[in-house]
């Protein structure tokens, strides 16, 4: 028998897959980066610029894959008045939030995998590190980028608990996408931030890892593991805040 957390996660995943418009929208967001980089590679061959663009679009893909799912998990259920019946079940609020978090993270991870697979095809077709392209992308997912997906899912779920309706959640979740985009572009134009403690900050550290690996640089395990642990710990902290909000009357009853 499945645990309550997995039951909630399965319900949210199945409901989200039924919304084909949201799935298509997430798919287009995930593949937008490879399409843009491919067109740029056809017009001009500047490996450093392409790698910088790839890292920014990868960070964005980690946030947009589960955006539509997060919008509906709490804010959408409050609007449909189906959140209260769910909370009346003999299940701890933390388990409900964990289940919704797993569902959002699943779609975010799927969008990220599609994004990285698209970049692997684009870079291989452009002749950029064809033998090592795929292994480096896989290393990026397992060592540094996966914890970022967990952080993105927890932030999106927290925003969904704050908003009163799906439309309001859509507005704030769309604004959240500018976080990885803005930080990514900042590092592209100011590469000096690659030094010092910036490499251990979530989002910024993941981009630096991606750029270094795609340029053929070293991939030390200890810094990647430290960044991943810190990002995952921050994700759990944000998730705990979201779980505590489900105990508040204005969240439960929609006042």
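In my numbering, the protein residues as written are 437 to 691. Heads up, the beta-carbon is just placed ideally off N, CA and C, and yes, glycines get one too. What you are looking at is a predicted structure, and each value in this text was computed from that prediction instead of being measured.
Between the segment 658 to 671 and the segment 582 to 601, do at least 3 Cβ pairs fall closer than 8 Å?
yes
Taking a contact to mean a Cβ-Cβ separation below 9 Å, would you say residue 610 touches residue 543 in this structure?
no
Within a Cβ cutoff of 7 Å, which residues of the same chain sit near residue 450, ignoring the five residues on either side of it in sequence?
none
My parser needs the alpha helix (DSSP H) runs of 4 or more residues fully inside the segment 480 to 564; what are they?
483 to 500, 503 to 507, 513 to 516, 519 to 523 and 529 to 561
In three-state terms, what does DSSP make of residue 569?
Low per-residue confidence applies at residue 569: pLDDT is 49, beneath 50, and the placement is therefore not dependable enough to give any value.
Tell me where the alpha helix (DSSP H) around residue 439 begins and ends.
No alpha helix (DSSP H) holds residue 439; DSSP gives it neither H nor E.
CA-CA distance, residue 513 and residue 546?
23 Å
Residues of its chain near residue 531, where Cβ-Cβ distance is below 6 Å and the 5 sequence neighbours each way are ignored
440 and 441
From the DSSP output, in three-state form, read off residue 638 for me.
coil
Output needed for residue 681: all residues of its chain with C-beta closer than 8 Å, excluding positions within five of it in sequence on either side, in chain order.
594, 597, 598 and 687
Using 10 angstroms around the beta-carbon of residue 500, count the other beta-carbons present and answer buried if the total reaches 16, otherwise exposed.
buried
Nearest CA to the CA of residue 527: which residue from 497, 615, 443 and 605?
443
C-alpha distance - residue 622 paired with residue 487, whole-angstrom precision:
15 Å
Out of 644, 523 and 536, point me to the one whose CA is closest to residue 448's CA.
536
Determine whether the beta carbon atoms of residue 589 and residue 639 lie at a separation below 9 Å.
no
Report yes if the C-beta distance between residue 519 and residue 679 is below 9 Å; otherwise report no.
no
Supposed close pair residue 506, residue 592 - CB separation, criterion 8 Å:
4 Å
Roughly how many angstroms lie between the CA atoms of residue 619 and residue 524, to the nearest whole one?
41 Å
Since residue 736 and residue 511 are thought to touch, with beta carbons under 8 Å apart, how far apart are those beta carbons, to the nearest angstrom?
Past the boundaries of the shown model lies residue 736; the chain is included only from 437 to 691, so the question cannot be answered.
For residue 648, does the count of other Cβ atoms within 10 angstroms reach 16, so buried, or fall short, so exposed?
buried
Between the alpha carbons of residue 568 and residue 587, how many angstroms are there, rounded?
Confidence is the limiting factor: at residue 568 the pLDDT is only 49, short of 50, which leaves the residue's position unreliable, though a coordinate-based value still follows. The straight-line gap from Cα to Cα measures roughly 28 Å.
Do residue 683 and residue 529 come within 9 Å of each other at the CB atom, strictly closer than that value?
yes
Cutoff 7 Å; reference residue 696; Cβ partners in own chain excluding five residues on either side:
Any property of residue 696 remains undetermined from this structure, which presents the chain solely from 437 to 691.
Report yes if the C-beta distance between residue 496 and residue 613 is below 9 Å; otherwise report no.
yes
Taking the alpha carbon of residue 658 as the point to measure from, which residue in 549, 636, 643 and 672 has its own alpha carbon closest?
636
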